[in-house]
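What follows is a single structure, written as structure tokens, with notes after it.
Residue numbers (the working numbering): 8 to 188.
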């Protein structure tokens, strides 16, 4: 059963950058040994985030949108960030990659370790609401196991109407809905 949990935090500046050195304000780390897919519904950016104390290994991932709200136009593939990764032939509404360099390996050092420092997948989400982002499914594989169901964390930075007209968005409350298994 899916459970929604609301988290409120303060957003100091833009949520995500292509090169992310630390988790943006308001984004919680995934549970130990797990990977979350974080979607900023305002910008469309997607991040993979794990846990510093117990990082997760990543050998593949797949993101599906039943409403076809994924785009490869702003996609930053892991293949462009790490050696051995390849983009899988994807139908509309799917983004998936696999670490071909680790196929058949039993060595954890051959896989990417996903910790509390997010990895950006770029701007891939074309929806505009948290509810739309929550329709995404996220599966990933680690050493010897595929099809692990990951959490989808949808974020939105609501800007009060008078401030939006002035273009002031920094420092406002960030609302994150975390969908857990």
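For each residue, glycine too, the CB sits at the ideal point set by N, CA and C.
Problem set entry | Rounded C-alpha distance that separates residue 163 from residue 52 | So the two alpha carbons sit approximately 11 Å from each other.
For this session: Indicate whether residue 99 and residue 64 have their beta-carbon atoms separated by less than 8 Å.
Result: No, Cβ-Cβ distance for residue 99 and residue 64 is not below 8 Å.
Problem set entry | DSSP beta-bridge partners of residue 93 | According to DSSP, residue pairing for residue 93 in a beta bridge involves 105.
Exercise. For residue 87, which of 126, 73, 96, 122 has the nearest alpha-carbon?
Worked result: Checked all of 126, 73, 96, 122; the closest Cα to residue 87 is 126.
Exercise. If you run the structure through DSSP and keep just helix, strand and coil, what is residue 166?
Worked result: In this predicted model, residue 166 has a pLDDT of only 49, less than 50, meaning its place in the structure is not dependable; the value taken from the coordinates is given anyway. In the structure shown, residue 166 sits in coil (DSSP, three-state: anything other than H, G, I, E or B).
Problem set entry | Min CB distance residue 79 to chain D below 8 Å | Included in the structure is just one protein chain, with no chain D present.
Exercise. To the nearest whole angstrom, what separates the beta carbons of residue 83 and residue 143, a pair I think is in contact under 8 Å?
Worked result: The pair is not a contact, with the Cβ atoms about 17 Å apart (cut-off 8 Å).
Exercise. How would you write the range of the alpha helix (DSSP H) that residue 137 sits in, first residue to last?
Worked result: Residue 137: member of the alpha helix (DSSP H) spanning 137–140, first to last residue.
Problem set entry | Reduced DSSP category for residue 79 - H, G, I as helix; E, B as strand; rest coil | Here residue 79 carries a strand assignment [DSSP, helix/strand/coil].
Problem set entry | Status (buried if at least 16 other CB within 10 Å, exposed otherwise) for residue 110 | Burial state of residue 110 is exposed, judged by a 10 Å Cβ sphere holding fewer than 16 other Cβ atoms.
For this session: Can you tell me which of the three DSSP states residue 65 falls into?
Result: Secondary structure at residue 65: strand, using DSSP grouped into helix, strand and coil.
Problem set entry | Endpoints, the beta strand (DSSP E) within which residue 56 is located | Boundaries of the beta strand (DSSP E) harbouring residue 56: 52–56, taken from the DSSP string.
Exercise. Should residue 159 and residue 56 be called a contact, given that it needs their Cβ atoms to be closer than 8 Å?
Worked result: No, these two residues do not count as a Cβ contact at 8 Å.
For this session: Drop a sphere of 10 angstroms on the beta-carbon of residue 154, count the other beta-carbons inside from all chains shown, and report buried for 16 or more, exposed for fewer.
Result: Per the 10 Å Cβ criterion, exposed.
Exercise. Hey, residue 89 and residue 119 are a contact pair by Cβ (cut 8 Å); roughly how many whole angstroms apart?
Worked result: Rounded to the nearest angstrom, the Cβ distance from residue 89 to residue 119 is 6 Å, consistent with a contact under 8 Å.
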